[in-house]
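Okay, so here's the structure we're looking at.
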Amino acid sequence: MKWTNVLALVLLLASAGPEVATAARASERVRPQAELDSGRSVLATGSWPVERLAASAALFPGEEMLATNGIESLNYFRRGDPDRPLVIFVPGGFHLARVAYGVPGANDSDFLAHWLGKRGYSFLGTSYPTGNAVYSRVYPDFSIRDWGRQVAAVARHYVDRNGLSGEVIVLGWSAGGQIAQSVYEACQQAGLRMSLYVSLASTPPVPLLLSAPGAISREENGLSSAPQFYSLFRRYVRAQDAMNGHTIIPWDRFERDVLGDIPVALNAIMIASRYSNGTFVQDLEWAINDTGALKYRDFPFAVTISGDRVLDNDHALTDRGNWGFYQIQHLYRSLVLPVLSQSESIDPRDWQALMDMMDSATSGLLNARVPGNHFFWYGEVGARSTVQQIDRLRDRAANLRGEIRARLRTIRAQ
């Protein structure tokens, strides 16, 4: 099934109303009893339990390995102003979050963590379990639901341990966009306020939206591999090296310390498959539920930042449109509809202003560009500019919501 047909299906079902959402919730995966008995059960309320694991030689300075509901997660935290939001970096496919905070010997100024810290934000780089040697085992049945719960649990852990406000901003890069709905839902359950999702050249959680550039294969350990991606990653990072005038991380170190095979469910935007009894099973319905593609009523407010190079043409040309559906639905469902469903007595001038503001939401106001390719935020030039754009988009998002609320306050009760 082509991605255009899938997106049309998603939008059609989304417009069908609450019955579809109820059916989607009812059909979500039920974990087998053996998995529940293993300690990986999901808590009915609150967040997953978190345990700090013993340090190992594979960890870099500042890193911690945590177990979230028994599943390992590599984390790096820097404390900023406790009254400012915690900014969480979620890496894309086959990557650890080290791409956002660096490795020993690299220049700190080449990474997002440095520039976010300069602006007072606390930073958390959290990595889902991959086949990288930093992890002690693999988790082939790890899902996007699990991913969201893991990130929220880790965030709750650092918020509590460091006396932070509880407001979080999630930066999702590339395939990290698949986490947008699941982490938003998990943050609510964990008592965190996810005020914004920032797409860094990321793909929204719509299964089969992209075409896989070559085969995605199953390894003996149950993880998925796609070596052809590594050649593309090398082109990206070397182009960013050239733009910054130096090597940010040597490729051999990048491949060893950052990359790794991944659980197959995290490829939902390309192959919509799940892991079952040692095999990969194509299952579009399961993937739609796992990503939360139809949960547009329970979706974060999103802004997007993209690069400007033809090497990353799909994101440069489509990010604004791909995320626009979720942007406008968030504003309409969370702000506008609750008021207009009670009364439609609005002054014509306020109504025109409201229409104009809703139009502006998907006309570029909530989108930005930074020079560079799919890794535009990698290297000092792009990292500094990306953080500047995050602040600008955060202000624009807050102002837009404030202006919409102000217009809605003029509506007379019926």
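First residue of the sequence shown: 703, per our numbering; consecutive thereafter.
Don't be surprised by glycine CBs; every beta carbon is placed ideally from N, CA and C.
As the structure is a computational prediction, the values presented were derived from the model and not from experiment.
- Task: Please state whether DSSP places His797 in a helix, a strand or coil.
- Result: The sequence position of residue 797 within the sequence shown is 95, counting from 1. Strand.
- Exposure label - Pro734; buried when at least 16 CB within 10 Å: Your numbering for residue 734 matches position 32 in the sequence shown. Only weak support exists for where Pro734 lies, its pLDDT of 33 falling under 50; the coordinates are left without a value.
- Item | Minimum length 3: unbroken beta strand (DSSP E) runs contained in the stretch 949-1003 | 975-978 and 981-984
- Query: Among all the DSSP beta bridges, which residues are the ones paired with Ala769?
  - Reply: Position 67 of the sequence shown holds residue 769. Looking at the DSSP assignment, Ala769 forms a beta bridge with Glu753 and Glu774.
- For Tyr977 versus Ala970, is the C-beta spacing smaller than 8 Å? Taking the sequence shown and counting its residues from 1, one reaches residue 977 at position 275. Taking the sequence shown and counting its residues from 1, one reaches residue 970 at position 268. Not a contact, by the Cβ cut-off of 8 Å.
- Pick from Gly1066, Met767 and Ala1070 that is closest to Ala756, judged by C-alpha positions: Counting from 1 along the sequence shown, the entry for residue 756 is found at position 54. With distances taken between Cα atoms, Ala756 lies closest to Met767.
- In whole angstroms, what separates the C-alpha of Leu910 from that of Ser1008? Reading the sequence shown from its first residue, position 208 is the one you call residue 910. Reading the sequence shown from its first residue, position 306 is the one you call residue 1008. Distance between the alpha carbons of Leu910 and Ser1008 is about 21 Å.
- Proximal residues to Asp783 (C-beta, below 8 Å), its chain only, five neighbours per side dropped: The residue you call residue 783 lines up with position 81 of the sequence shown. The residues are Gly822, Tyr823 and Ser824.
- To which residues of the same chain is Ser749 closer than 6 Å at the C-beta, ignoring the five residues directly before and after it? The residue given as residue 749 occupies position 47 in the sequence shown. Ala854, Ala855, Arg858 and Ala892, listed in sequence order.
- Query: Is it the case that the Cβ atoms of Ala1117 and Thr905 are separated by a distance below 8 Å?
  - Reply: Here the chain has residues from 703 to 1116 only, and residue 1117 is not among them.
- Query: Can the beta-carbon of Thr828 be found closer than 8 Å to that of Val792?
  - Reply: Counted from its first residue, the sequence shown places residue 828 at position 126. Counted from its first residue, the sequence shown places residue 792 at position 90. In this structure, Val792 lies closer than 8 Å to Thr828 by Cβ.
- Cβ contact (3+ pairs, closer than 8 Å) linking the stretch 1103-1113 and the stretch 1049-1063: yes
- Applying the criterion that 16 or more other CB atoms from any shown protein chain within 10 Å of the CB defines a buried residue, is Asp943 buried or exposed? The sequence position of residue 943 within the sequence shown is 241, counting from 1. With 16 or more Cβ atoms within 10 Å of its Cβ, Asp943 is classed as buried.
- Look at the Cβ atom of Gly1081, then the Cβ atom of Pro1073, and state whether they are nearer than 8 Å. For this step, residue 1081 is matched to residue 379 along the sequence shown. For this step, residue 1073 is matched to residue 371 along the sequence shown. No. Outside cutoff.
- Under 7 Å Cβ to Cβ from Ile1030, same chain only, skipping five residues before and after it: list those, please. Counted from its first residue, the sequence shown places residue 1030 at position 328. If we look at Ile1030 and ignore the five residues flanking it on each side, its Cβ neighbours are Met1060, Ala1063 and Thr1064.
- Item | Exposure of His1076, with buried meaning 16 or more beta-carbon neighbours within 10 Å | Here residue 1076 refers to the residue found at position 374 of the sequence shown. It counts as buried.
- Item | Beta-bridge partners of Ala1070, as assigned by DSSP | The residue you call residue 1070 lines up with position 368 of the sequence shown. Per DSSP, the beta-bridge partners of Ala1070 are Ile1007.
- By DSSP, does Val789 sit in helix, in strand, or in coil? Within the sequence shown, residue 789 is the residue found at index 87, counting from 1. Looking at Val789 - three-state DSSP - the assignment turns out to be strand.
- Span of the alpha helix (DSSP H) around Arg1103: Locating residue 1103 in the sequence shown gives position 401, counting from the first residue. Glu1082 to Leu1110 is the extent of the alpha helix (DSSP H) around Arg1103.
- Query: What are the start and end residues of each continuous alpha helix (DSSP H) run of 4 or more residues lying completely inside the stretch 1028-1060, in chain order?
  - Reply: Segments of the alpha helix (DSSP H) lying fully in the stretch 1028-1060: 1039-1042.
- Message: Restricting to Cα atoms, I'd like to know which of Trp875, Arg895 and Asn809 is closest to Leu798.
- Response: Within the sequence shown, the letter at position 96 stands for residue 798. Looking at the Cα atoms, Trp875 is the closest of the given residues.
- Do the CB positions of Ser1043 and Ile1113 come within less than 8 Å of each other? Start at 1 with the first residue of the sequence shown, and residue 1043 comes out as number 341. Start at 1 with the first residue of the sequence shown, and residue 1113 comes out as number 411. Taking 8 Å as the cut-off, the beta carbon of Ser1043 is found no closer than this to the beta carbon of Ile1113.
- Message: DSSP three-state label for Val908, please.
- Response: Position 206 of the sequence shown, counted from the start, is the residue given in the question as residue 908. Three-state DSSP puts Val908 in coil, outside helix and strand.
- Query: Which one of Tyr837, Asp1021 and Leu894 has the shortest CA to CA distance from Ala759?
  - Reply: Counting from one through the sequence shown, the residue named residue 759 turns up at place 57. Ranking the options by Cα distance to Ala759, first place goes to Tyr837.
- Message: In this structure, how does DSSP classify Phe931 when only helix, strand and coil are distinguished?
- Response: In the sequence shown, counting from the first residue as 1, residue 931 sits at position 229. Looking at Phe931 - three-state DSSP - the assignment turns out to be helix.
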